[in-house]
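Positions 458 to 749 (this note's numbering) are the ones given, in order, by the sequence shown.
For each residue, glycine too, the CB sits at the ideal point set by N, CA and C.
The structure under discussion appears below in the form of structure tokens.
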Amino acid sequence: MMKKILVTGANGQLGNEMRALATLYPQFSFEFTDVQEFDISRKESVDAHVGKSKPQFLVNCAAYTAVDKAETDQELAYLLNAGAPQFLAGAARENDCRYIHVSTDYVFDGMSFKPYSEDMDVKPVSVYGMSKALGEKNITEANADSIIIRTAWLYSSFGNNFVKTMIRLGKEKTDLNVVFDQVGSPTYARDLARCILDIISKADNAWKAGIYHYSNEGVCSWYDFTKEIHLQAGISTCRVRPIETSEYPTPARRPHYSVFTKKKIRDTFGVDVPYWKDSLRECIKLLQGSNG
């Protein structure tokens with residue numbers, strides 16, 4: 458019997474990338490859902506849907522991701538980032554289904570000076586980060602067989618994200634100020650989607666529950682990222698200036714350092730982790746192809 462993968466948050470960046478890759482995994486059937494088809498914020502709804510759908514794998518790509526808005530919209534942020542994952546993990550356990558959840562670098566305070574490994578203590582400094590950290594804890598308690606993948610600086614050819622915003626602003630403006638003292642690793646959502654599907658493909662022999670880190674290889678600041686985006690997109694009329702975080706205040710604190718070590722996910726599942734500039738090139742080609 459063909460195994461089924463149920464994907465929540467299918468209209469977001471990662472969910473859309475999983476949909477785009479689905480045809481490359483003909484051994485699976487897919488059910489892509491978003492809030493219109495599947496309300497993950499109510500336990501009764503989750504239990505009913507998972508019980509009826511009977512998937513072998515459940516991948517939660519849904520989240521409350523408005524980092525600054527979360528500072529005042531705390532109830533909804535905690536419901537979607539801590540409550541819903543707990544409901545999904547519990548329903549997966551009850552239905553003999555394997556659960557994969559996507560988390561974030563925001564569970565750390567960003568004060569490290571070396572890449573974050575999975576066993577380092579979480580210390581979120583924003584409501585968004587706190588809600589995601591609680592989500593991880595709730596998942597582990599509800600279903601110890603779950604896989605949690607933390608990622609960072611996600612972008613895609615789908616939805617709204619930093620890459621698309623910088624391309625638009627680069628074409629509209631002659632000057633642009635971008636933060637240079639926040640450092641991390643961009644992550645092309647298609648690479649993460651491929652990683653998740655590869656893990657599922659090997660699940661019969663290599664499923665190993667726990668927390669894993671996945672971002673593209675390499676390190677840059679938001680300023681460096683913007684310069685590379687403009688270079689690859691052929692934008693030369695916009696001057697990009699580096700500024701400090703203090704010059705661009707936001708309601709939520711951002712981690713200054715969001716670099717992961719990916720050794721655990723590579724060693725456990727044998728997944729590929731591409732270099733960030735190579736993945737950015739792939740995404741920009743897609744964007745330029747869709748625009749022309």
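### Task
May I ask which residues mark the beginning and end of the alpha helix (DSSP H) holding F544?
541-551
### Query
Given a threshold of 16 other Cβ atoms within 10 Å of its Cβ, counted over all protein chains shown, does K720 qualify as buried or as exposed?
Classification for K720: exposed.
### Message
With a threshold of 9 angstroms between beta-carbons, can A548 be considered close to chain B, or not?
### Response
Included in the structure is just one protein chain, with no chain B present.
### Message
Assuming contact is defined by CB atoms lying nearer than 9 angstroms, are F637 and D681 in contact in what I supplied?
### Response
yes
### Message
Can you check which of these residues, S613, S642, H713, is closest to L743 by C-alpha distance?
### Response
The residue with the shortest Cα to Cα distance from L743 is S613.
### Task
Could you have a look at H713 and say whether DSSP puts it in helix, strand or coil?
The answer is coil: DSSP assigns H713 none of H, G, I, E or B.
### Message
I'd like the list of long-range same chain contacts for I606, defined as Cβ closer than 6 angstroms, with 5 residues on each side in sequence excluded.
### Response
V559, Y669, Y671
### As assigned by DSSP and simplified to three states, the class of Y705
coil
### Message
With DSSP as the reference, identify every bridge partner of R647, one or two as the case may be.
### Response
Its beta-bridge partners do not exist; DSSP assigns none.
### Query
DSSP three-state call for I596: helix, strand or coil?
helix
#### Entry: Backbone secondary structure at V507 - three-state DSSP
helix
### Task
Determine the burial state of Y563: buried for a count of at least 16 other Cβ atoms within 10 Å of its Cβ, exposed for fewer.
buried
### Query
Quick one: what does DSSP say C740 is sitting in, helix, strand or coil?
helix
#### Entry: Reduced DSSP secondary structure (H/G/I, E/B, other) of Y669
strand
#### Entry: Which of helix, strand or coil DSSP assigns to K461
strand
### Message
Can you look up T490 in the DSSP assignment and give me helix, strand or coil?
### Response
coil
### Query
Per DSSP, H687 forms a beta bridge with which residues?
Beta-bridge annotation (DSSP): H687 is not paired with any residue.
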